[in-house]
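Numbering (the numbering used here), first residue to last: 188 to 419.
Yeah, the Cβ is synthetic: ideal placement off N, Cα and C, and Gly gets one too.
If you're wondering where the values come from, they're calculated on a predicted model, not measured in any experiment.
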């Protein structure tokens, strides 16, 4: 019974790639599928290079006994191999590839609908802010100047989302730099961020880096929360 289920699944389940060009079908909501007879099942599944039954080794010219052949591991018999092969084979194609593939023999074909992949759950505002604040806290613990653009963009994003607030600014005359002071109203913790003048390209690259981090957090499996217990 299990074997019959496997044969049915091989027909029902669509292939991952086009049978003609080998390209992925994952992005194709619809594609052509065909059902073909498995010619390998009734073909010669083995036996090439085997000696026919009843044929003995010929005697050697020096009169010595013929050498005994070393037995090789038993290969599956043709009838056993044929039983493992399905009767029919499903093949899937891109629309353009089907124009060429349909010239070959097939039993039937149909327009298959591939189910859309499950969507990654959207983040709530709280989850987004928590992710950004986590990245901000981690990057504030580093002293790499290359992270200054991330600190600058993140602090302004968190101020926009009302996670941080502007607490003032100060200027370092000796260094010739201006610092912006942000405060977390929940913890009253303050952070000084160097005031930068980023180019459009720098700002775009920094935002891409931040968005990549948020997307990784969004794709992570979320822990299941226990249902709230009833009050005693």
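message: Whole angstroms are fine: how far does the CA of residue 327 sit from the CA of residue 358?
response: The straight-line gap from Cα to Cα measures roughly 20 Å.
- prompt: So, is residue 378 buried or exposed, given that buried needs 16 or more other C-beta atoms within 10 angstroms?
  reply: By the 10 Å Cβ count, residue 378 comes out buried.
CA nearest to the CA of residue 354, picked from 343, 361, 360, 362: Of the listed residues, the one whose Cα sits closest to residue 354 is 343.
task: Count the CB pairs spanning the region 210 to 220 and the region 295 to 306 that are closer than 8 Å, and state whether there are at least three.
output: At 8 Å Cβ cutoff, the stretches touch.
message: Within 10 Å of its beta-carbon, does residue 348 have 16 or more other beta-carbons around it, so buried, or fewer, so exposed?
response: Exposed, because fewer than 16 other Cβ atoms sit within 10 Å of the Cβ of residue 348.
- request: Taking only the alpha-carbon atoms, compute the straight-line gap between residue 317 and residue 380 and give it to the nearest angstrom.
  value: For residue 317 and residue 380, the distance between alpha carbons rounds to 20 Å.
field: residue 379: first and last residue of the uninterrupted alpha helix (DSSP H) it sits in
entry: In the DSSP assignment, residue 379 falls outside any alpha helix (DSSP H) and within the unbroken beta strand (DSSP E) covering 376 to 381.
task: Look up residue 329 in the DSSP assignment and say whether it is helix, strand or coil.
output: Residue state, collapsed to three classes: coil.
message: Tell me the DSSP secondary structure of residue 298 in three-state form.
response: Residue state, collapsed to three classes: strand.
Segment contact, 8 Å Cβ cut-off, at least three pairs: the region 380 to 391 with the region 329 to 339: Below 8 Å, enough C-beta pairs join the region 380 to 391 and the region 329 to 339 to call them touching: three or more.
query: What three-state label does DSSP hand residue 400 in the structure shown?
result: Of the three classes helix, strand and coil, the one that applies to residue 400 here is helix, per DSSP.
field: DSSP three-state assignment for residue 345, whether helix, strand or coil
entry: In the structure shown, residue 345 falls within a helical segment according to DSSP collapsed to helix, strand and coil.
- prompt: When you compare each of 392, 397, 356 to residue 322 by their alpha carbons, which one comes out closest?
  reply: Comparing Cα-Cα distances from residue 322 to each of 392, 397, 356, the minimum goes to 397.
query: Is the distance from the Cβ of residue 324 to the Cβ of residue 279 below 7 Å?
result: Against a cut-off of 7 Å, the Cβ pair of residue 279 and residue 324 comes out as no contact.
query: Among 281, 222, 227, which residue has its Cα nearest to the Cα of residue 203?
result: Closest option to residue 203, judged by alpha-carbon separation, among 281, 222, 227: 281.
task: Report the residue from 294, 288, 385 whose alpha carbon sits nearest the alpha carbon of residue 422.
output: Given that the chain is displayed from residue 188 to residue 419, the structure contains no residue 422 and the question cannot be resolved.
query: How many Å lie between residue 375 and residue 403 at the Cα?
result: Approximately 29 Å between the Cα atoms of the pair.
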